[in-house]
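For reference, the structure is listed below as structure tokens.
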Amino acid sequence: MSRMKVLIADSINEKGISELEEVAEVVVNTTITPEELLDAIKDFDAIVVRSRTKVTREVIEAAPRLKIIARAGVGVDNVDVKAATERGIMVINAPESTSITVAEHSIGLMLALARKISIADRSVKEGKWEKNRFMGIELNGKTLGIIGMGRIGSQVVVRTKAFGMDIMVYDPYISKEAAEEMGVTVTDLETLLRESDIVTIHVPLTPETRHLISEDEFKLMKETAFIVNCARGGIIDEDALYRALNDGEIA
């Protein structure tokens with residue numbers, strides 16, 4: 005019986021490649037272009053991607069042997085799941101692979117904003133000493149609004165509690181019991197945006213969440229509020245964000 009043939013189209017850990025090579029014939033091409041992928045995919049039983057490679061309907065229809073599309077990460081918004089389902093192709097991801105990493109990165113960005121670390125660093129490197137300009141704020145006692153209480157949002161809760169923050173959550177799917185166990189206040193999106201000093205986003209990009217934060221939402225936020233997005237860019241209307249920053253609607 006011939007071995008399964010797997011295309012790794014984006015960079016993954018070498019250990020993952022070596023383990024796959026024990027059970028399959030593996031081809032690694034992490035610079036493959038969309039045009040090259042359309043031509044090459046016909047020879048593969050499985051493809052492994054991260055965010056760069058888009059597995060579109062056109063790619064799926066050009067792949068008579070394809071049985072598995074694997075996303076080495078959380079979301080599957082770069083895969084046409086409907087087209088794959090129509091063809092009986094399994095789409096899998098690794099939902100817990102980056103939960104702690106993303107949660108820690110989100111908190112790192114909160115601290116960088118609150119303490120003005122990035123702009124202060126740039127100022128010092130320019131030979132300036134503008135101490136009074138970069139006083140910053142403490143996270144202690146501030147209200148954190150978390151949009152999405154899945155694996156990553158839950159990890160953010162655990163860690164920001166140590167900073168003494170009050171935590172509000174908007175998630176239509178969270179149960180009252182789960183919220184009570186985590187010690188968070190569940191609220192609607194409008195209230196969360198009005199009352200939060202920092203908003204952090206942890207939802208997938210779907211038709212429902214695209215531009216979830218736009219003109220009206222920025223107008224609800226405090227002028228001193230920060231927003232952190234370690235999810236997908238399209239969840240925020242970036243034109244509206246640009247205007248909100250320019251107009252001083254948020255910090």
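For the sequence shown, the residue numbers in the working numbering are 5 to 255. Just so you know, even glycine gets a beta-carbon here, dropped at the ideal spot from N, CA and C. Quick caveat: nothing in here was measured; it's all calculated off a predicted structure.
Scanning its chain for C-beta atoms nearer than 6 angstroms, with the 5 sequence neighbours on each side dropped, one finds around G157 the residues I150 and H206, in chain order. The beta-carbon distance between I202 and T189, rounded to whole angstroms, is 15 angstroms. This is too long to meet the 8 angstroms contact definition. Inside the stretch 192-243, DSSP marks whole beta strand (DSSP E) runs of 3 or more residues at positions 202-205 and 230-233, from first to last along the chain.
Comparing C-alpha distances from I96 to each of R7, I51 and R61 shows the shortest one belongs to I51. Excluding the 5 residues flanking it on each side, I217 has same chain C-beta neighbours closer than 6 angstroms at I240, in chain order. Residue burial is scored here from C-beta neighbours: G152 has at least 16 other C-beta atoms within 10 angstroms and is therefore classed as buried. Taken atom to atom, the span from the alpha-carbon of Y246 to that of D220 is near 14 angstroms. The count of Cβ pairs closer than 8 angstroms, one atom from the stretch 53-70 and one from the stretch 171-182, stays below three, leaving the stretches out of contact.
In the three-state reduction of the DSSP assignment, A44 falls in the helix class. Annotation: the stretch 15-84 contains the following complete segments of the beta strand (DSSP E) (minimum length 3 residues), in chain order: 28-32, 50-53 and 72-75.
Rounded to the nearest whole angstrom, the C-alpha separation of A76 and E62 is 21 angstroms. Assigned with DSSP and collapsed to three states, L115 falls in helix. Here L143 carries a coil assignment [DSSP, helix/strand/coil]. Rounded to whole angstroms, L24 and A67 show a C-alpha spacing of 20 angstroms. At a Cβ-Cβ threshold of 9 angstroms, K223 and A248 count as neighbours. Across the structure, E90 and I12 are spaced so that their CA atoms are roughly 23 angstroms apart. Cβ contact annotation for E253 (same chain, cutoff 7 angstroms, sequence separation greater than five): F222, K223, M225 and E227, in chain order. Annotated three-state conformation of G157 is helix, per DSSP. A distance below 7 angstroms between beta-carbons, with the five flanking residues on each side excluded, links Q159 to the following residues of its chain, in chain order: S103, I104 and A107. Of the candidates V78, G92 and L117, V78 places its Cα closest to the Cα of P99. In this chain, D251 is not harboured by any beta strand (DSSP E), its DSSP state being neither H nor E. As DSSP reads the structure, G149 sits in a beta bridge with M172 and V203.
Closest by C-alpha distance to A87, out of D81, V80 and E65, is E65.
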